[in-house]
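Asks: Residue numbers (full-length UniProt numbering): 1 to 340.
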Amino acid sequence: MSIVHPDDYVSDVIGPFQGTLNDASIAEEILATNNALATWLGSNGHIIVDRGFRDVIETFQDLGYETHMPSFLKKGEKQHSTIDMNNSRMCTKIRWSVEAFHGRLKKWRIFQDKIHNSLIPKLKDIVRIVSATLNRYRAGVFIDPNSSYHQKLAQVMRTRLMHRNVLQQRVEMGTISTRSRWKKTIEDVDFDFPELSFDDLCFLFLGTYKIKLARTYVEEHLDQEGDYTVELDANTDNILRCTIQSRHSSAVKYKSWIQYSLSGDPIIAWYCTCPGGAVTIGACAHIVSIVWYLSYARHHHFEPSKGRRRIQQAIMERIVVGEDDDMDDKDQEEEDDDWH
Numbered sequence: 001m002s003i004v005h006p007d008d009y010v011s012d013v014i015g016p017f018q019g020t021l022n023d024a025s026i027a028e029e030i031l032a033t034n035n036a037l038a039t040w041l042g043s044n045g046h047i048i049v050d051r052g053f054r055d056v057i058e059t060f061q062d063l064g065y066e067t068h069m070p071s072f073l074k075k076g077e078k079q080h081s082t083i084d085m086n087n088s089r090m091c092t093k094i095r096w097s098v099e100a101f102h103g104r105l106k107k108w109r110i111f112q113d114k115i116h117n118s119l120i121p122k123l124k125d126i127v128r129i130v131s132a133t134l135n136r137y138r139a140g141v142f143i144d145p146n147s148s149y150h151q152k153l154a155q156v157m158r159t160r161l162m163h164r165n166v167l168q169q170r171v172e173m174g175t176i177s178t179r180s181r182w183k184k185t186i187e188d189v190d191f192d193f194p195e196l197s198f199d200d201l202c203f204l205f206l207g208t209y210k211i212k213l214a215r216t217y218v219e220e221h222l223d224q225e226g227d228y229t230v231e232l233d234a235n236t237d238n239i240l241r242c243t244i245q246s247r248h249s250s251a252v253k254y255k256s257w258i259q260y261s262l263s264g265d266p267i268i269a270w271y272c273t274c275p276g277g278a279v280t281i282g283a284c285a286h287i288v289s290i291v292w293y294l295s296y297a298r299h300h301h302f303e304p305s306k307g308r309r310r311i312q313q314a315i316m317e318r319i320v321v322g323e324d325d326d327m328d329d330k331d332q333e334e335e336d337d338d339w340h
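#1: Using the C-alpha atoms, what's the distance from ILE120 back to residue 350?
#2: Given this structure, state the Cα-to-Cα distance separating MET1 from LEU232, to the nearest angstrom.
#3: Taking only the alpha-carbon atoms, compute the straight-line gap between ALA314 and PRO16 and give it to the nearest angstrom.
#4: When the Cα of GLU172 is compared with those of ALA278, HIS300 and GLY52, which residue comes out closest?
#5: Only counting the same chain, and skipping five residues up and downstream in sequence, which positions put a Cβ closer than 7 angstroms to that of ILE48?
#6: Determine the contact status of PHE53 and ASP12, defining contact as a CB-CB distance below 8 angstroms.
#7: With DSSP as the reference, please indicate the residues paired to HIS46 in a beta bridge.
#8: Kindly give me the distance between the Cβ atoms of TYR9 and ASN135, rounded to whole angstroms, as I take these residues to be in contact under 8 angstroms.
#9: For HIS46 and THR159, I'd like the C-alpha separation in whole angstroms.
#10: DSSP on ASP233, reduced to helix/strand/coil?
#11: Would you mind stating whether LEU73 and LEU153 have Cβ atoms separated by less than 8 angstroms?
#12: Could you tell me how far apart the beta carbons of TYR293 and ALA214 are, in whole angstroms, since I believe they sit closer than 8 angstroms?
#13: Going by DSSP, what residues sit across from TRP270 in a beta bridge?
#14: Could you give the first and the last residue of the continuous alpha helix (DSSP H) run that contains GLY245?
#15: Does LYS212 come out as helix, strand or coil in the three-state DSSP assignment?
#16: Can you tell me where the alpha helix (DSSP H) with SER88 in it begins and where it stops?
As structure tokens, then:
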């Protein structure tokens, strides 16, 4: 278990622990045996944890620490509220330094493969030595955390924290969710959409993680001819809708709405019916994939990956073979009828 500061420097790496212990059990054991942890955190420290620590939240709070954790879906709900998702996004954005540290740690060759049993007694010392080496000789993830870019990004996140998702309200009221409002699906070349740079996308969606997922969603949304289709509101010319396939279940599809402008702020609002689609600090991967393709990828000679093209080719060949078989069967039936 790693104790990491927001600037990516690690205070300690504790363990290893038995594989049967969950995060909460490990945390309770650390709090009970490691007095140094209380000294580092102070009396009014803030602790950012993931959902695996849900059973130990009260323990942290009893010790006087203000604890933050991404929210869970409440019983009977299918979607997080906007405020819950915004708070969760704040947690994951701050806690990203932990993932960044683990990414650097795993780049060492000894941690890239299976570790031999003979090294287990020495594993704790090895991990701590490597962690200390990273602290000493590697700069933090944020080269200049006080730069105007990061200050502006933090200000945007704080500003959006309490924002309501106005597009969600319009969808739930039925003003833009009825089928009759939407024109027949059209190809992406048939309408104008604001063009953005990659840096603009990173700032809009608070990083690159969701942008890296966008290609997979876009390839799934392309039809057999390679066209990307959307729907436009018949009453307004600045709202579009897409139906995006879930990457977790082939039987689930989500509706995504995006409000945009060709002058001023290019992307005004967004909403998706997925569990995290009401967020206003950043956006879900479905929204990001639509904006990424329409505002950036299609202007930079986007092509599906080789694997995707092979799949499409195999499907088309199968369709052609099936049509040929149907024609042969039909011709054979006609010959049989003529013979009789």
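We put the beta carbon where it would ideally sit given N, CA and C, even for glycine. Here the structure is a predicted model, which is why all the values come from computation and not from measurement.
Replies: Put simply:
#1: Summary: the structure shown does not reach residue 350, with the chain confined to residues 1 through 340, and so no result is reported for it.
#2: Translated into positions along the sequence shown, residue 1 becomes position 1. Translated into positions along the sequence shown, residue 232 becomes position 232. The straight-line gap from Cα to Cα measures roughly 49 angstroms.
#3: One-based indexing of the sequence shown puts residue 314 at position 314. One-based indexing of the sequence shown puts residue 16 at position 16. C-alpha separation (whole angstroms): 48 angstroms.
#4: Locating residue 172 in the sequence shown gives position 172, counting from the first residue. Cα-wise, what sits closest to GLU172 is ALA278.
#5: The count along the sequence shown starts at 1 and reaches residue 48 at position 48. The answer, listed in chain order, is HIS68, CYS91, ILE94 and ARG95.
#6: Counted from its first residue, the sequence shown places residue 53 at position 53. Counted from its first residue, the sequence shown places residue 12 at position 12. Cβ distance not < 8 angstroms, so PHE53 and ASP12 don't count as in contact.
#7: Locating residue 46 in the sequence shown gives position 46, counting from the first residue. GLU66.
#8: What you label residue 9 is simply residue 9 of the sequence shown in a count that begins at 1. What you label residue 135 is simply residue 135 of the sequence shown in a count that begins at 1. At roughly 5 angstroms, the Cβ-Cβ gap stays under 8 angstroms, so TYR9 and ASN135 are in contact.
#9: The sequence position of residue 46 within the sequence shown is 46, counting from 1. The sequence position of residue 159 within the sequence shown is 159, counting from 1. Distance between the alpha carbons of HIS46 and THR159: 21 angstroms.
#10: Counted from its first residue, the sequence shown places residue 233 at position 233. Here ASP233 sits in strand by DSSP.
#11: Reading the sequence shown from its first residue, position 73 is the one you call residue 73. Reading the sequence shown from its first residue, position 153 is the one you call residue 153. No.
#12: By one-based count along the sequence shown, residue 293 stands at place 293. By one-based count along the sequence shown, residue 214 stands at place 214. TYR293 to ALA214, Cβ: 7 angstroms. Contact.
#13: By one-based count along the sequence shown, residue 270 stands at place 270. TRP270 pairs with ILE258.
#14: Here residue 245 corresponds to residue number 245 of the sequence shown, with the count starting at 1. First, the amino acid is wrong: residue 245 is Gln here, not Gly. Unbroken run through GLN245 is the beta strand (DSSP E), 239-245; no alpha helix (DSSP H).
#15: Reading the sequence shown from its first residue, position 212 is the one you call residue 212. If DSSP states are grouped into helix, strand and coil, LYS212 belongs with the helices.
#16: Taking the sequence shown and counting its residues from 1, the one referred to as residue 88 is at position 88. It spans 82-105 - the alpha helix (DSSP H) in which SER88 sits, taken as one unbroken run.
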